[in-house]
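What follows is a short report on a single structure.
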Amino acid sequence: MTRIFLTTSWDDGSAYDARLADLLDRVGVRGTFYVPGHAAGAPRTDGAHLRDLVARGHEIGSHTRTHVRLHRLPLADAQHEIETGRADLEQILGTAIGSFAYPGGECAGQAVAAVRAAGVRLARTTAPMHNRVPTDVLRVPVTAQIFPHSRSMLMRTTLKRSGPGRLWWLLRHAGGWQRLAAAALADCQMRGHGVVHLWGHSHELDDLDLWQPLELCLRELRSAPGIVPVTNADVVG
Ligand SMILES: [Zn+2]
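To convert, note that position 236 of the sequence shown is 236 in this note's numbering; the numbers rise steadily by one, no gaps.
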């Protein structure tokens with residue numbers, strides 16, 4: 001039986017998260033919103049807003065306290081950033097937060113060790129062009145960013161973060177994020193299982209007028225046979 005997870009994640013917290021959540025609800029797709037601790041409680045991502053997202057079936061994940069990139073920090077400092085950022089959110093929500101996203105996608109150096117030491121259950125990177133169920137829950141990759149990257153930028157990022165095998169995949173399916181999402185879905189359908197994981201920043205949807213293209217893309221993915229819309233946490237069970 002075909003079973004393909006469709007998940008989305010949204011970083012940094014912004015005033016546009018509410019509009020985005022409405023869009024996700026309309027198309028029947030779930031999101032994980034990664035919010036830095038220092039942004040939580042600010043007017044743009046106040047407690048009521050975060051609690052409302054959870055009540056509607058979305059997930060809140062942590063993203064450090066100050067959005068510092070972890071790969072150059074000493075282990076103890078990195079762990080402190082992760083733990084305090086998570087505690088900020090847990091205080092607001094009154095529930096445990098298990099998912100985490102690396103600021104800037106930086107998971108080199110001590111970052112993974114810090115995340116492990118902090119007891120994070122799932123850590124999302126920004127390694128692109130992936131569509132399999134992740135085997136390493138502390139290095140959960142993505143399919144594509146909702147952003148009109150140039151071809152050369154996509155190639156550089158893919159090679160750096162995901163390696164030559166995924167660069168080859170990108171070159172075979174060259175195109176923007178809609179095309180890459182469709183190619184990932186096709187791979188999952190052929191295999192009978194997998195994950196299509198789109199991510200972005202809600203303020204960029206507004207800056208770049210991507211609301212409608214995103215809604216169209218998600219509607220198409222959502223209507224494919226065997227699609228199961230889930231949060232990031234659900235992907236790794
Ligand atoms: Zn971020």
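We put the beta carbon where it would ideally sit given N, CA and C, even for glycine.
Taking the straight line between their C-alpha atoms, what separation do you get for residue i and residue j?
{"i": "L208", "j": "S202", "result": "10 Å"}
{"i": "L53", "j": "L214", "result": "19 Å"}
{"i": "A76", "j": "A114", "result": "7 Å"}
{"i": "T126", "j": "A183", "result": "18 Å"}
{"i": "M153", "j": "D22", "result": "31 Å"}
{"i": "K160", "j": "G57", "result": "34 Å"}
{"i": "H80", "j": "A111", "result": "12 Å"}
{"i": "G119", "j": "E106", "result": "18 Å"}
{"i": "G31", "j": "T7", "result": "6 Å"}
{"i": "W10", "j": "L198", "result": "9 Å"}
Just to check, is the beta-carbon of residue i closer than 7 Å to a non-hydrogen atom of ligand 1?
{"i": "P141", "result": "no"}
Spatial neighbours of residue i within its chain, please: C-beta separation below 6 Å, excluding the five flanking residues on both sides.
{"i": "G194", "result": "I4, N131, R132, C188"}
{"i": "G192", "result": "T2"}
{"i": "L218", "result": "V27, V29"}
{"i": "H67", "result": "P36, P103"}
{"i": "R121", "result": "G98"}
{"i": "A117", "result": "Q79"}
{"i": "T231", "result": "R30, T32, E59"}
{"i": "I227", "result": "I4, L6"}
For residue i, which residues in the same chain have their Cβ closer than 7 Å to its Cβ, ignoring the five residues on either side in sequence?
{"i": "T158", "result": "P128, M129, R166, L167, L170"}
{"i": "M155", "result": "L167, L170"}
Quick one: residues in its chain with C-beta nearer than 8 Å to the C-beta of residue i, no 5 flanking neighbours on either side, listed in chain order?
{"i": "R139", "result": "C107, V112, A123, T125, A127"}
{"i": "E204", "result": "I146, F147, L210"}
| Taking any heavy atom of ligand 1 as the mark, which residues have a C-beta closer than 6 Å to it, listed down the chain? | D11, D12, H63, H67, P103
| task | Could you tell me which uninterrupted alpha helix (DSSP H) segments, each at least 4 residues in length, are contained entirely in the region 57-141, listed from first to last along the chain? | result | 75-93, 111-117
| At which residue ranges does the region 153-212 contain complete beta strand (DSSP E) runs of 3 or more residues, listed in the order of the chain? | 193-200
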